[in-house]
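In our numbering, the protein residues as written are 16 to 243. We treat Cβ as the ideally placed atom computed from N, Cα and C, and that holds for glycine. What follows is a single structure, written as structure tokens, with notes after it.
Okay, structure coming up:
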């Protein structure tokens, strides 16, 4: 099976300008989290979808799932943890009696609403082949570090990538990575880093610049212009 875990448990601590959690913010009358859910739902290649959220958003997300008639493929809502890493781990634990070792788990942030179907398909294809992949785009801008005097060291961008989601893994690998992280008190900003911690390579699937993450009010304004 190909199983999507969509994370919608964030507290939007950096988005003070809106009155609701960003996953519930309406963009063109559609809640933010629903954009990526609908993209996964429309693909025959996706067998099941699980949404990870928090207590504050749980009932509203459940209502939206019913409103959009998604209960056939959306198999469950899972309460997340205090961090993104813990939320993913709880979702993987939920799948223990459902997923097989070779099933493909696609982990996606609902705050990236403009995910393209082709990116999902490339994730599936390459995970079958390699076992672990991350979506990313090449860095285009000049990157430099800062010193007390201003610009310090300019970094060569030729081999730099900007991580996106989905990040996709065979179930046995991502489960092992998270269990190892819990056992050894390892914390990382994304799942591919946990895979690297247990000694496995992570291949890159090229994403798109439109698959950006909604973090600030400027991101919301840009998204509103793009979906009108």
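For residue 168, the number of other beta carbons within 10 angstroms of its own is below 16, and it is reported as exposed. Under the DSSP assignment, residue 119 falls in the beta strand (DSSP E) whose first and last residues are 119-124. When rounded, the separation of the alpha-carbon atoms in residue 76 and residue 170 is 42 Å. If one requires a minimum length of 3 residues, the beta strand (DSSP E) runs lying completely within the stretch 39-86 are 63-68, in chain order. Counting only the Cα atoms, residue 243 lies some 27 Å from residue 86. For the set 173, 126, 70, 91, the Cα lying nearest the Cα of residue 109 is the one of 91.
DSSP, reduced to helix, strand and coil, places residue 186 within a helical segment of the structure shown. Residue 124 sits close to residue 22, with the two beta carbons spaced by under 8 Å. When DSSP states are grouped into helix, strand and coil, residue 171 belongs to the coil group.
Judged by DSSP secondary structure, residue 103 falls within the alpha helix (DSSP H) whose first and last residues are 99-109. The continuous stretches of beta strand (DSSP E) do not include residue 238, which lies in the alpha helix (DSSP H) extending over residues 232-242. DSSP places residue 151 inside the beta strand (DSSP E), whose first and last residues are 147-153. Burial state of residue 49 is buried, judged by a 10 Å Cβ sphere holding 16 or more other Cβ atoms.
Residue 218 is bridged by DSSP to 148. Here residue 188 has 146, 147, 210, 215 as same chain residues with Cβ atoms under 7 Å from its own Cβ, once five neighbours each way along the sequence are excluded. In this model, residue 184 and residue 176 are separated by some 19 Å (Cα to Cα).
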